Amino acid sequence: MAGSHRKRAPVLLPYPFPGPFDYRVPPELDPRPGDLVLVPLNRREEIGVVWDHGADESVGDNRLRPIAAVLDAPPMPANLRKFIDWIASYTLTPPGEVMAMALRVVDRQPPPPPIGYKLAEAPPEARRTEARAKVQALLADGVARHPHDIAEQAEVGPGVVRGMADAGLLVPVALPVAAAFALPDPARPGPVLSPDQAEAAAALRQAVRAHDFAVTLLDGVTGSGKTEVYLEAVAEALAAGRQALVLLPEIALSTQWLERFRARFGIDPAVWHSDLSSRTRKSTWRAVALGEARVVVGARSALFLPFPELGVIVIDEEHETAFKQEDGVVYHARDMAVVRARLEEVPIVLVSATPSLETMANVEAGRYTRLHLPDRHGGASLPTVEAVDLREHPPERGKFLAPPLIAAVEATLARGEQAMLFLNRRGYAPLTLCRACGHRMQCPDCTAWLVEHRIRRQLQCHHCGHTVPLPEACPSCGAAHSLTPIGPGVERITEEAAARFPEARLLVMASDTMPGPAAAAEAARAIAAREIDLIIGTQIVAKGWHFPHLTLVGVVDADLGLAGGDLRAAERTFQLLHQVAGRAGRAEAPGRVLLQTFAPEHPVMEALVAGDMDAFMDREAAARRPGHWPPYGRLAAVIVSADDGPAADALARDIGLAAPRGEGFSILGPAPAPLAILRGRHRRRLLLKARRDVAVQPILREWLSRVKVPHGARVDVDVDPVSFL
Ligand code: ADP
Ligand code: ZN
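Numbering (our numbering), first residue to last: 1079 to 1803.
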């Protein structure tokens, strides 16, 4: 009814309620869908969003509580509201819980304008000092300045400014709000692209100009210059007056990426990740909503930012499992980014040197377009990859580097080039065993061994973080000095390398030695400046780094990821090792990669050695297609957890008995989860496996609605699971 005053409005609150609640609209307010409002909830006032539907007509108007205020904040765009509803429905999560991710960072009030100071017109009598005279001289031009700038420009301490303000010598004035985010300049010339790059960039620019939903896979060998290509798509979006979103799997490690962005557009993009201060998050959220931030580079949660005029989405390293969020709302940021692009009617670019089988299947089915860069930029060649058969070339007793790898490192260092040893395991040793009684040091709260961290003299559980000091004696039999480390972690490899290559300057790159962006930036700088000879790292080193002087990569345990029954174990191992290998030989000097393995005949090793990704992916596809395993079928995991084993078993059994039957799907389990105990919770798993043309959500909804979950127990649903632990 146009023009008529709406009497009630549905408001979605950031809590796991089943949907929005209706509130009464007082005559003086006129909230529109998307508006942020303050409403009473129990005894508090909460921020909610006026939603588009969900009015509960059963509650009489007179019983509704009123909306207290409409906030002075940019509204949540309609597309974001649709996106939230879509994810809620797909992941079986209450919509308010999904919206909480988008709303946590909103202020009740717009930030106050910054306060500056100018000279008082009739200053009171006050003490005169040299410092005060400097401030007076600076402000003599009558221009108000921020106290921080006054102190800096007058070269006085901040206390001087404060003292003068207190004494009435300076008077406060509201400063105009400066744009927090500089505008990127899309007209700045980028690098001269190679013909392949230029062709791919033209296709992406065209897609952005078309301003329609389209998914493009940009795949190309490591070092082929994919980043420069997709930055052209970003430039096109900017030139068209639109915003751009780039998701990176590990934004904290992306200093080199930020440098390249700066080189291309002359400014820093807005960044978004969980380590930002709450103030920065709030101002960034607002700037995105107001269209002041034009490009956001972020972690998966950046997908929930309120872009009013999005023009393109880029997902770099689209194969990365880090895009799957496992806690809270369980969603895959790559897949949901495709959904957001569809709702926004904009193109999305998925970028990888090792695309996921999911994406390749979509290319094959004609749903996605593929742009391929076949060569490394600047004529660099791809590294040669060789397997080192550990049965033929065993390392010395108690050591982990085989003679051919040692020789290769020595030769590389002798040439003055850099080498890297890769082992995807933090700490010193993954298992600590008592030589006297065989006792294994286990986490009290998880089905997991404790990992020794020798530098910190601790044992730590890598699942829950539980730590204990390294005991002197076996806690089981009491034997002194009997605890022995079994197997290597990066710390142990570092110890071995330090003894083996005493002249080499070592750097360890692992999440615990390189916790934040500053440490990562410093590491990248030191490597580029050739202050480092040998890098030893976990999967962190596989991430997009460009180290021109690195020519040798040694993989200490190439078989590590292949154990366990994970559906994607081979695919992931291939992707990880291919990415690590891709760090070698990115400039003039050719690169060499050695894979230490007990299984050189394994298809993963053969594909890496042959450099034949397509053949490997074809093989993976052939292995999964007949059984309708993803991406040729659908999976959803149902994870039961309870305080004790019998309670978990009982609930899992009930759920199993309630399992629906029907065409095109089946239910596997219940079975104990591989991590049968996690943080003290006992876990069981069931798996719904369905044909691709079967929607799993209605089945799950109907199924789980028939099960009563007792107090203390939980049922979690993971649609399209990535982890099977
Ligand atoms: P990829 O992401 O495909 O692994 P990068 O985008 O990291 O490759 O490119 C590899 C290196 O080549 C980077 O240092 C990048 O700056 C450089 N590069 C790529 N394309 C160009 C170009 N057209 N002109 C100059 N340098 C380029
Ligand atoms: Zn634990």
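Positions of the beta carbon are idealized from the N, C-alpha and C atoms, including for glycine.
No experiment lies behind these values; they were computed from the predicted model shown.
Local Cβ density within 10 Å of residue i, reported as buried at 16 or more and exposed below that
i     : result
N1502 : buried
G1081 : Note that G1081 scores 47 on pLDDT, short of 50, meaning its location in the model is unreliable; the coordinates nonetheless yield the value given after this. Exposed, since its Cβ has fewer than 16 Cβ neighbours within 10 Å.
Q1538 : buried
S1361 : buried
P1098 : buried
K1085 : exposed
P1508 : buried
M1079 : For M1079, the predicted model reports a pLDDT of 39, less than 50, meaning its position is unreliable; a value from the coordinates is still stated below. Under this definition M1079 is an exposed residue.
K1786 : exposed
T1207 : exposed
V1234 : buried
T1562 : exposed
Rounded C-alpha distance that separates residue i from residue j
i     : j     : result
P1748 : D1732 : 10 Å
T1358 : L1435 : 37 Å
C1542 : A1737 : 31 Å
E1175 : V1407 : 7 Å
L1804 : Y1308 : Residue 1804 is absent from the structure shown; the chain starts at 1079 and stops at 1803.
A1178 : P1092 : 4 Å
S1352 : T1399 : 17 Å
A1222 : A1348 : 28 Å
I1484 : L1499 : 10 Å
W1164 : R1338 : 34 Å
V1658 : T1629 : 12 Å
A1315 : F1382 : 19 Å
I1810 : W1781 : The chain is shown only over 1079 to 1803; residue 1810 falls outside these bounds and no answer can be derived.
R1661 : P1566 : 22 Å
E1666 : D1413 : 37 Å
I1329 : V1375 : 8 Å
L1765 : R1143 : 43 Å
A1514 : L1428 : 54 Å
P1708 : A1701 : 11 Å
W1363 : A1604 : 34 Å
H1131 : P1088 : 6 Å
D1721 : V1251 : 59 Å
A1688 : G1301 : 18 Å
E1495 : I1618 : 21 Å
D1219 : V1366 : 35 Å
V1238 : T1572 : 51 Å
Per-residue DSSP class, three states only, for residue i
i     : result
L1640 : helix
M1154 : coil
R1186 : coil
V1148 : strand
I1533 : coil
H1760 : strand
M1519 : coil
M1079 : At M1079, the pLDDT of 39 sits below 50, so the modelled position is not reliable; the number obtained from the coordinates is stated separately. Coil.
L1753 : strand
G1237 : helix
H1627 : coil
Y1308 : helix
E1474 : coil
Y1168 : helix
E1679 : coil
M1592 : coil
D1108 : coil
W1781 : helix
H1559 : coil
V1441 : helix
I1426 : strand
L1142 : coil
A1685 : helix
I1717 : strand
V1797 : strand
E1741 : coil
Which residues, in chain order, sit with a beta-carbon under 5 Å away from any heavy atom of the ligand ZN? C1521, D1523, C1524, C1539, H1541, C1542 and H1544
Output the residues surrounding the ligand ADP, defined as those with a CB atom closer than 5 Å to any ligand heavy atom, in chain order. P1269, L1271, T1300, G1301, S1302, G1303, K1304, T1305, E1306, H1455 and H1624
Counting only runs that start and end within the region 1332-1406, where is the beta strand (DSSP E) found for 3 or more residues in a row? Every unbroken stretch of the beta strand (DSSP E) spanning 3 or more residues and falling wholly within the region 1332-1406 is given here in chain order: 1348-1350, 1373-1376 and 1388-1394.
Would you list, in sequence order, the uninterrupted alpha helix (DSSP H) runs of no fewer than 4 residues that lie entirely inside the region 1259-1296? 1273-1288
Can you give, in chain order, each stretch of the beta strand (DSSP E) that sits fully within the region 1476-1506 and has at least 3 residues? 1496-1500
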